[in-house]
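Visitor:
Number of protein chains: 2
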Amino acid sequence: MLLSGGLDSSTVLAIARSDGFEAYAMSFRYGQRHEVELAAARRVAAHLGAAEHRIADIDLRAFGGSALTDEAIRVPRHAPGDDLGTQIPVTYVPARNTIFLSFALAWAEVIDAADIYIGVSAIDYSGYPDCRPEFIEAYQSMGRLATKAAVEGRQKLTIHTPLIDLTKAQTIQRGLALGVDYGLTHSCYDPVDGRPCGACDSCLLRARGFAEAGVADPAL
Amino acid sequence: MLLSGGLDSSTVLAIARSDGFEAYAMSFRYGQRHEVELAAARRVAAHLGAAEHRIADIDLRAFGGSALTDEAIRVPRHAPGDDLGTQIPVTYVPARNTIFLSFALAWAEVIDAADIYIGVSAIDYSGYPDCRPEFIEAYQSMGRLATKAAVEGRQKLTIHTPLIDLTKAQTIQRGLALGVDYGLTHSCYDPVDGRPCGACDSCLLRARGFAEAGVADPAL
Numbered sequence: 001m002l003l004s005g006g007l008d009s010s011t012v013l014a015i016a017r018s019d020g021f022e023a024y025a026m027s028f029r030y031g032q033r034h035e036v037e038l039a040a041a042r043r044v045a046a047h048l049g050a051a052e053h054r055i056a057d058i059d060l061r062a063f064g065g066s067a068l069t070d071e072a073i074r075v076p077r078h079a080p081g082d083d084l085g086t087q088i089p090v091t092y093v094p095a096r097n098t099i100f101l102s103f104a105l106a107w108a109e110v111i112d113a114a115d116i117y118i119g120v121s122a123i124d125y126s127g128y129p130d131c132r133p134e135f136i137e138a139y140q141s142m143g144r145l146a147t148k149a150a151v152e153g154r155q156k157l158t159i160h161t162p163l164i165d166l167t168k169a170q171t172i173q174r175g176l177a178l179g180v181d182y183g184l185t186h187s188c189y190d191p192v193d194g195r196p197c198g199a200c201d202s203c204l205l206r207a208r209g210f211a212e213a214g215v216a217d218p219a220l
Numbered sequence: 221m222l223l224s225g226g227l228d229s230s231t232v233l234a235i236a237r238s239d240g241f242e243a244y245a246m247s248f249r250y251g252q253r254h255e256v257e258l259a260a261a262r263r264v265a266a267h268l269g270a271a272e273h274r275i276a277d278i279d280l281r282a283f284g285g286s287a288l289t290d291e292a293i294r295v296p297r298h299a300p301g302d303d304l305g306t307q308i309p310v311t312y313v314p315a316r317n318t319i320f321l322s323f324a325l326a327w328a329e330v331i332d333a334a335d336i337y338i339g340v341s342a343i344d345y346s347g348y349p350d351c352r353p354e355f356i357e358a359y360q361s362m363g364r365l366a367t368k369a370a371v372e373g374r375q376k377l378t379i380h381t382p383l384i385d386l387t388k389a390q391t392i393q394r395g396l397a398l399g400v401d402y403g404l405t406h407s408c409y410d411p412v413d414g415r416p417c418g419a420c421d422s423c424l425l426r427a428r429g430f431a432e433a434g435v436a437d438p439a440l
C-alpha cells in the first residue's frame with residue numbers, strides 16, 4: 001500500500017488491516033518540499049501496525065514541472081472560503097501515481113502480494129487525472145500483464161481504492177471508527193517550520209473535511 | 221526515449237532521430253551491478269545527437285528480487301552454445317519497464333512530448349513479460365489517462381517499439397545502416413573490470429546477433 005502519511009492514505013492503511021491484510025507500506029522521498037510527511041508516515045505505520053514500512057528514494061526533481069518538486073514554482077495559498085476551482089492545480093506532479101503504483105507493483109511481486117491499496121478519491125480532491133477510477137482501472141489492466149508473477153499466474157493484481165467514492169468527511173468518519181489517530185498525520189504541501197500552512201489546497205480540503213465531519217482536527 | 225546504453229536502445233535512438241524526432245534520452249541509476257552502462261549511454265547520446273540526456277536516480281534495490289540489483293543473487297553464466305530456455309531468468313527486474321516508462325511519461329509531459337520510444341523486442345529476448353506487445357499496448361492505454369496533458373488533450377501518448385518484431389541481427393543491420401557505432405554500447409549484465417563477461421544472457425544474445433548479422437562486434 002502507498003502511504004504518504006496524510007489523512008487519506010493513513011485511513012487506507014487502517015482499512016487494509018480491517019480487510020484482513022498484513023500491510024506493507026511504501027513511502028517515497030521524491031524531492032517533495034513537504035518531506036516532513038515521511039515522519040508522519042513512519043508514525044502512522046507504527047501506530048496502525050504495518051508489517052513493514054519502506055521509504056524509496058526516487059528523484060522526481062529530475063523532470064520537475066510541479067510546485068511540489070520545483071522550488072521555483074510557488075504553492076498557491078487560499079483564504080478559507082475560496083473556491084478551489086475545477087482546473088488541475090500546479091501542485092500536480094507529472095505521472096506521480098503512475099510512478100508510485102509502479103514501485104508498489106514491483107514490491108508486491110517480490111513479496112508475493114497481489115493486492116495494492118491506494119488512497120485516491122474522485123470526490124473532494126484536486127482534480128488530479130491519476131486519481132480517477134478510469135485511470136486506476138487502466139493501471140490494473142496494465143499491471144496484470146507487467147510482471148513475471150502475473151504471467152506465471154501467481155499475481156492477479158487488484159488495486160483497491162476504498163476512498164474513491166467517499167467525501168473527505170466520510171473518510172475521516174471511517175478512519176475514526178477504525179481508531180486512526182489523525183493527530184499523527186500530515187497533509188500540508190508547504191509546511192512552515194514543520195507546521196501546516198493552513199492555506200494550501202491540501203490544508204483547505206482537510207479543514208473542510210473535519211468541519212463537515214463535525215470533529216476537531218487533532219493535528220492542529 | 222529510454223536509453224540504457226545497450227545495443228537495442230542505442231539503435232532505437234538512431235531510429236527516433238531518423239523518424240524526424242528530437243530525442244530526449246533518459247537513463248536510470250537504479251542500483252544495477254552493470255552501472256558502467258551509464259557511461260555508454262552518455263557516449264551514445266552524444267554520438268547520435270540527443271537533444272538532452274538525463275540520468276534519474278531511483279533505488280530499485282529498495283525491493284530487490286533480481287540478480288541485477290541484489291548482490292546475493294548471481295547472474296547466470298552460460299557456454300556459447302547453451303540453450304537459454306524459455307523460463308524468465310533471475311536477471312528479470314520486477315516491473316522495471318513499468319517504472320522506466322512511468323518516468324518517461326512524466327518527463328514527456330513536462331517537455332510537451334507525446335511520443336515515447338523503447339527498445340523492447342519480442343524476438344531474441346529473455347522472455348521478460350514487460351517486453352511483450354500486449355504489455356506495451358496496455359501501458360499506452362493507461363498512459364493516455366494518467367496525465368494532466370492527456371486529460372487536457374495536449375498529449376496523445378504513443379509508445380513506439382521499432383524493434384518489437386526484429387531479431388537481434390536485424391536490429392544490428394538497421395543500426396549499422398543508420399550509422400550507429402556499436403563500439404560505444406555496453407550490453408553485459410555482469411562486467412568484469414568494466415569489460416563484458418561474454419557469458420551472461422545479454423552477452424550471449426548480443427554475440428549471436430552479431431554472428432547472425434555476419435559482422436564483428438566492435439565493442440570486443
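Line order of the protein sequences matches chains Z and F.
Counting along the first sequence from 1, when you hit position 90 you're at 90 in my numbering, and nothing is skipped either side.
To convert, count from 1 in the second sequence and add 220; that's my numbering.
Don't be surprised by glycine CBs; every beta carbon is placed ideally from N, CA and C.
Treat the numbers as computed from the prediction; the structure is a model and nothing was measured.
In the structure shown, what three-state DSSP assignment does TYR24 of chain Z receive?
Guide: Here residue 24 of chain Z refers to the residue found at position 24 of the first sequence. Per DSSP, reduced to three states, the secondary structure at TYR24 of chain Z is strand.
Visitor: Kindly say whether ASP57 of chain Z, judged by its beta-carbon, lies nearer than 7 Å to any beta-carbon of chain F.
Guide: If you number the first sequence from 1, residue 57 of chain Z lands on position 57. So, interface residue.
Visitor: Counting only Cβ pairs nearer than 8 Å, list the residues of chain Z close to TYR337 of chain F.
Guide: Sequence index remark: in the second sequence, residue 337 of chain F carries index 117 (1-based). By Cβ distance, chain Z contributes nothing, its closest Cβ being about 17 Å from TYR337 of chain F, past 8 Å.
Visitor: At which residues does the beta strand (DSSP E) containing ASP115 of chain Z begin and terminate?
Guide: What you label residue 115 of chain Z is simply residue 115 of the first sequence in a count that begins at 1. 115-117 is the extent of the beta strand (DSSP E) around ASP115 of chain Z.
Visitor: Compute the Euclidean distance between the alpha carbons of PHE63 of chain Z and GLY347 of chain F, then round it to the nearest angstrom.
Guide: By one-based count along the first sequence, residue 63 of chain Z stands at place 63. By one-based count along the second sequence, residue 347 of chain F stands at place 127. Rounded to the nearest angstrom, the two C-alpha atoms are 31 Å apart.
Visitor: Using a Cβ-Cβ cutoff of less than 8 Å, which residues in the same chain neighbour GLN140 of chain Z once the five nearest sequence positions on both sides are dropped?
Guide: Here residue 140 of chain Z refers to the residue found at position 140 when the first sequence is read from its first residue. The answer, listed in chain order, is LEU157, THR158, ILE159.
Visitor: Going straight from the alpha carbon of HIS78 of chain Z to that of GLY395 of chain F, what length do you get?
Guide: What you label residue 78 of chain Z is simply residue 78 of the first sequence in a count that begins at 1. What you label residue 395 of chain F is simply residue 175 of the second sequence in a count that begins at 1. Computed Cα separation, rounded: 55 Å.
Visitor: Report the residue ranges of all alpha helix (DSSP H) runs contained in full by the region 175-199 of chain Z; include only those spanning at least 4 residues, in chain order.
Guide: none
Visitor: Taking just the CA atoms, how far does GLY301 of chain F sit from HIS53 of chain Z?
Guide: As a working mapping, residue 53 of chain Z is identified with position 53 in the first sequence. As a working mapping, residue 301 of chain F is identified with position 81 in the second sequence. Cα-Cα distance, rounded: 45 Å.
Visitor: If I measure Cβ to Cβ from PHE212 of chain F and keep anything under 6 Å in the same chain, skipping five residues before and after, which residues do I get?
Guide: No statement about residue 212 of chain F is possible, as the shown extent of chain F runs from 221 to 440 and does not include it.
Visitor: Please tell me whether TYR223 of chain Z has its Cβ less than 7 Å away from any Cβ of chain F.
Guide: Given that chain Z is displayed from residue 1 to residue 220, the structure contains no residue 223 of chain Z and the question cannot be resolved.
Visitor: Check whether chain Z comes within 7 Å of PHE283 of chain F, counting only Cβ atoms and requiring the distance to be less than that.
Guide: Mapped onto the second sequence, residue 283 of chain F falls at position 63. Yes, its Cβ sits closer than 7 Å to a Cβ of chain Z.
Visitor: Within 10 angstroms of the Cβ of GLY65 of chain Z, are there 16 or more other Cβ atoms? Answer buried if so, exposed if not.
Guide: Along the first sequence, one-based indexing puts residue 65 of chain Z at 65. By the neighbour-count definition (other C-beta atoms within 10 Å, threshold 16), GLY65 of chain Z is a buried residue.
Visitor: With the cut-off set at 7 Å, would you say PHE135 of chain Z and LEU424 of chain F are in Cβ contact?
Guide: Residue mapping note: residue 135 of chain Z aligns to position 135 of the first sequence, counting from 1. Residue mapping note: residue 424 of chain F aligns to position 204 of the second sequence, counting from 1. No, they are not a contact pair.
Visitor: ILE15 of chain Z and PRO162 of chain Z: beta carbons closer than 7 Å?
Guide: In the first sequence, residue 15 of chain Z corresponds to position 15, counting from 1. In the first sequence, residue 162 of chain Z corresponds to position 162, counting from 1. Against a cut-off of 7 Å, the Cβ pair of PRO162 of chain Z and ILE15 of chain Z comes out as a contact.
Visitor: Strictly under 7 Å for the Cβ-Cβ distance: is PRO129 of chain Z near chain F by that measure?
Guide: Position 129 of the first sequence, counted from the start, is the residue given in the question as residue 129 of chain Z. Judged by the 7 Å Cβ criterion, PRO129 of chain Z is in contact with chain F.
Visitor: Do we get a CB-CB distance below 7 Å when we pair LEU354 of chain F with the residues of chain Z?
Guide: Locating residue 354 of chain F in the second sequence gives position 134, where the first residue counts as 1. The amino acid occupying residue 354 of chain F in the given sequence is Glu; Leu does not appear at that position. Yes, contact with chain Z.
Visitor: Measuring alpha carbon to alpha carbon, tell me which of Z:PHE28, Z:SER202, Z:LEU184 ends up nearest ALA104 of chain Z.
Guide: In the first sequence, counting from the first residue as 1, residue 104 of chain Z sits at position 104. With distances taken between Cα atoms, ALA104 of chain Z lies closest to Z:PHE28.
Visitor: Below 7 Å between beta carbons is the criterion; list the residues of the region 137-153 of chain Z that meet it against any residue of chain F, in chain order.
Guide: ALA138, TYR139, SER141, MET142, LEU145, ALA146, THR147, LYS148, ALA150, VAL151
Visitor: In this structure, does DSSP put ILE442 of chain F in helix, strand or coil?
Guide: Shown here, chain F extends from 221 to 440; a query on residue 442 of chain F therefore has no answer.
Visitor: Under 7 Å between C-beta atoms, does GLU109 of chain Z make it to chain F?
Guide: By one-based count along the first sequence, residue 109 of chain Z stands at place 109. It does; some Cβ of chain F falls within 7 Å.
Visitor: Of all Cβ atoms in chain F, is any one closer than 7 Å to the Cβ of ARG54 of chain Z?
Guide: Along the first sequence, read from residue 1 onward, the residue named residue 54 of chain Z stands at position 54. So yes, ARG54 of chain Z belongs to the interface.
Visitor: Judging by CA-CA distance, which residue of F:GLY363, F:LEU386, F:PRO349, F:TYR244 is the nearest neighbour of GLN375 of chain F?
Guide: Locating residue 375 of chain F in the second sequence gives position 155, counting from the first residue. Looking at the Cα atoms, F:GLY363 is the closest of the given residues.
Visitor: I'd like to check one pair, SER10 of chain Z with VAL36 of chain Z: are the Cβ atoms closer than 7 Å?
Guide: If you number the first sequence from 1, residue 36 of chain Z lands on position 36. If you number the first sequence from 1, residue 10 of chain Z lands on position 10. No, Cβ-Cβ distance for VAL36 of chain Z and SER10 of chain Z is not below 7 Å.
Visitor: Taking the continuous beta strand (DSSP E) assigned at ARG274 of chain F, which residues delimit it?
Guide: The residue labelled residue 274 of chain F in the question sits at position 54 within the second sequence. Element bounds for ARG274 of chain F: 272-277.
Visitor: In the DSSP assignment, find the alpha helix (DSSP H) that holds HIS267 of chain F and state where it starts and stops.
Guide: Locating residue 267 of chain F in the second sequence gives position 47, where the first residue counts as 1. Its alpha helix (DSSP H) spans residues 257-267.
Visitor: Just the C-alpha distance for ALA56 of chain Z and MET26 of chain Z, rounded to the nearest angstrom, thanks.
Guide: The sequence position of residue 56 of chain Z within the first sequence is 56, counting from 1. The sequence position of residue 26 of chain Z within the first sequence is 26, counting from 1. Answer to the nearest angstrom: the Cα atoms are 7 Å apart.
Visitor: Starting from ILE356 of chain F and walking both ways along the alpha helix (DSSP H), at which residues does that stretch end?
Guide: Counting from 1 along the second sequence, the entry for residue 356 of chain F is found at position 136. 353-366 is the span of the alpha helix (DSSP H), which, as asked, contains ILE356 of chain F.
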